[in-house]
Amino acid sequence: MTEKRGTSRLTGFYKRTLAERAALVGQWAGLDTLDQATLLGMAGLNATQADQMIENVIGIYALPLGVATNFLINGRDYLIPMVVEEPSIVAGVSLAARLIRAGGGFVTSSDDPVMIGQIQVLDVPDVYIAAGQVMAIKDRLLEEANCCDLTITNLGGGARGLEVRPLLDTPAGPMLIVHLLLDVRDAMGANTINTACEKLAPMIEEATGGRVNLRILSNLADHRLATAECIIPADQLATEDLSGADVVRGIVEAYAFAAADPYRAATHNKGVMNGMDAVCIATGNDWRALEAGAHAYAARSGHYTSMTQWWADDEGNLRGKLTLPVAVGTVGGATRVHPTAKVAMKILGVQSARELAEVLVSVGLAQNLAAIRALATTGIQAGHMRLHARQMAVAAGASGDLIQRVVDAMIAEGAIRLDRARELVQQMGGRASE
Ligand code: MEV
Numbered sequence: 000m001t002e003k004r005g006t007s008r009l010t011g012f013y014k015r016t017l018a019e020r021a022a023l024v025g026q027w028a029g030l031d032t033l034d035q036a037t038l039l040g041m042a043g044l045n046a047t048q049a050d051q052m053i054e055n056v057i058g059i060y061a062l063p064l065g066v067a068t069n070f071l072i073n074g075r076d077y078l079i080p081m082v083v084e085e086p087s088i089v090a091g092v093s094l095a096a097r098l099i100r101a102g103g104g105f106v107t108s109s110d111d112p113v114m115i116g117q118i119q120v121l122d123v124p125d126v127y128i129a130a131g132q133v134m135a136i137k138d139r140l141l142e143e144a145n146c147c148d149l150t151i152t153n154l155g156g157g158a159r160g161l162e163v164r165p166l167l168d169t170p171a172g173p174m175l176i177v178h179l180l181l182d183v184r185d186a187m188g189a190n191t192i193n194t195a196c197e198k199l200a201p202m203i204e205e206a207t208g209g210r211v212n213l214r215i216l217s218n219l220a221d222h223r224l225a226t227a228e229c230i231i232p233a234d235q236l237a238t239e240d241l242s243g244a245d246v247v248r249g250i251v252e253a254y255a256f257a258a259a260d261p262y263r264a265a266t267h268n269k270g271v272m273n274g275m276d277a278v279c280i281a282t283g284n285d286w287r288a289l290e291a292g293a294h295a296y297a298a299r300s301g302h303y304t305s306m307t308q309w310w311a312d313d314e315g316n317l318r319g320k321l322t323l324p325v326a327v328g329t330v331g332g333a334t335r336v337h338p339t340a341k342v343a344m345k346i347l348g349v350q351s352a353r354e355l356a357e358v359l360v361s362v363g364l365a366q367n368l369a370a371i372r373a374l375a376t377t378g379i380q381a382g383h384m385r386l387h388a389r390q391m392a393v394a395a396g397a398s399g400d401l402i403q404r405v406v407d408a409m410i411a412e413g414a415i416r417l418d419r420a421r422e423l424v425q426q427m428g429g430r431a432s433e
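Sequential numbering from 0 applies to the sequence shown in numbering that gives the first Met the number 0.
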């Protein structure tokens, strides 16, 4: 199939059947028959492949793969594959992306993909003298680091710098931490940076006379930041009951709450990660690494705070910004091994790890907007209850048009329960589940 990638503003996409949606996305992204079969669960990760990925495999665990629509990032349209078990996330982020699109879409930027590797040096008589000894052989260390992964150096990556961080007061006494900065290009880079750290350790021991203990990357990848920004015209945010200006104020107040209070920030940031994790999982990336880096970055001032910022500009528009460390790759890891992740990457159509990082922060910003817009207006339970009712209707045996009729009846009655859903299915001529 040839790629027909056009606008991601797919009106009424959610109302289509699963088969229609899969066909539409297939056409949009130029997916072939095997890709389509993979999406629909007819092909995809098999037990033999799974057995090669981790240890003690006894099976495969499936999750829904959805597509978020309406994303316009730096003038380019994206459909965003998301793997997540929680209802409302895909719908919410698509709605937020539509609002952001009305203000011109996301504007993003990112650093070069530079990872930090940490080498822990102990048993030196003076950590400052040891720091000087390490810096004295900096050029040799960087040269040695470059020999670890010639593919990355050939692609223009490689060692970028060395930092020394004496830690005087730790439970194990003074120690010197050496940071190796290494551009890993389109890889997530864990293996490359860990290999390089292990390779440098003996040279560091020799130069300092100390003992190296840990040699491992830092997930606080703050040399690898990505930023997304957006503007939403206030009128886009108006609801039946509230003016656009009221909603802007409510969202800015919601942000202020998260900025000031770690209890709220944890939930606010969970909303950001709802979206980012889902894309990370869909693309076969390490979402735990993303989570670790994002939360550590949110606490960088010593006070755990909101990952996003929201404010009103002089014209009354709502403006938002999200900057986070994003260590993800488009090569290596499960991205190129897991059959469904490969299809997700085709749908996303990103050309580099930096582009993927910029998509991720755009999704995080939009997901956060979806949550705080709902919270500052109707509350999130209204949308959740509708989805919950839908799940009840399906579990009660409804299919096709009957699902919506059962949902509408339960919402009207304010009784969203499995037993009531079963009665309604029966009354409306369907066959209720046992
Ligand atoms: C639920 O998964 C996420 C939210 O709680 C986020 C938030 O409160 O901002 C809705």
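Note that the Cβ used here is the ideal one computed from N, Cα and C, for glycine as well.
- Residue environment: Gln350 is assigned as exposed (fewer than 16 neighbouring CB atoms within 10 Å of its CB, all protein chains considered).
- Assigned with DSSP and collapsed to three states, Ala381 falls in helix.
- If you check the CB distance, Val177 and Ile118 come in under 8 Å.
- In the three-state reduction of the DSSP assignment, Arg421 falls in the helix class, which pools H, G and I.
- Inter-residue distance for Ala343 and Arg372 is about 28 Å (C-alpha atoms, whole angstroms).
- Under the Cβ criterion (8 Å, minimum of three pairs), the segment 87 to 99 does not count as touching the segment 248 to 257.
- Taking C-alpha positions only, Tyr303 is separated from Leu323 by approximately 14 Å.
- Closest by C-alpha distance to Val327, out of Gly157, Gly283 and Leu374, is Gly283.
- Cβ contact annotation for Pro170 (same chain, cutoff 6 Å, sequence separation greater than five): none.
- Of the residues assessed, Val56 falls on the exposed side of the cut-off, its CB having fewer than 16 other CB atoms within 10 angstroms.
- Sixteen is the threshold: when 16 or more other Cβ atoms of the shown chains lie within 10 Å of the Cβ of Gln132, as they do, the residue is buried.
- Between Leu140 and Leu224, the CB-CB gap reaches or exceeds 8 Å.
- Segment contact: the segment 189 to 204 against the segment 212 to 223, three or more CB-CB distances shorter than 8 Å; contact assigned.
- For His294, the enclosing alpha helix (DSSP H) begins and ends at Trp286 to Ala297.
- Taken in chain order, the unbroken stretches of beta strand (DSSP E) that lie wholly in the segment 94 to 130 and span 3 residues or more are 106 to 109 and 113 to 121.
- The alpha carbon of Asn190 has as its nearest neighbour, out of Ile203, Arg421, Ile115 and Ile280, the alpha carbon of Ile115.
- Cβ neighbours of Arg8 within its own chain (closer than 6 Å, five residues either side excluded): Asn69.
- A residue is called buried once 16 or more other Cβ atoms fall within 10 Å of its Cβ, and Met52, having fewer, is exposed.
- By the neighbour-count definition (other C-beta atoms within 10 Å, threshold 16), Gly104 is a buried residue.
- For Glu54, there is no enclosing alpha helix (DSSP H), as DSSP gives it neither H nor E.
- DSSP lists Val177 as the beta-bridge partner residues of Val163.
- Relative to ligand 1, even the nearest heavy atom lies 7 Å or more away from the CB of Ile176.
- Excluding five sequence positions before and after Leu386, the CB atoms of its chain that fall closer than 7 Å to its own CB belong to Pro86 and Ser87, given in chain order.
- In the DSSP assignment, Cys146 falls outside any beta strand (DSSP E), carrying neither H nor E.
- For the pair Met41 and Gly65, the CB atoms are not nearer than the 8 Å cut-off.
- In the structure shown, the three-state DSSP call for Pro261 is helix.
- With a cut-off of 7 Å, the C-beta of Thr266 is classified as near ligand 1, since at least one heavy atom of the ligand falls inside that distance.
- In this structure, Leu44 lies near Ile59, with their beta-carbon atoms less than 8 Å apart.
- The beta-carbon separation of Gly396 and Arg421, rounded to 7 Å, stays under the 8 Å limit for a contact.
- Take the alpha-carbon of Leu364 and the one of Gly348: they are about 20 Å apart.
- The Cβ atoms of Gln366 and Gly91 sit closer than 8 Å to each other.
- Contact fails between the segment 120 to 127 and the segment 265 to 279, because fewer than three Cβ pairs, one in each stretch, are under 8 Å apart.
- If you keep only unbroken beta strand (DSSP E) runs of at least 3 residues inside the segment 190 to 275, you get 210 to 217 and 224 to 231.
- When distances are taken from the beta-carbon of Gly29 to the heavy atoms of ligand 1, even the shortest one reaches 7 Å or more.
- Leu181 is positioned such that its CB atom lies no closer than 8 Å to that of Val246.
- Contact between the segment 310 to 320 and the segment 227 to 246 is present: three or more C-beta pairs spanning the two stretches fall below 8 Å.
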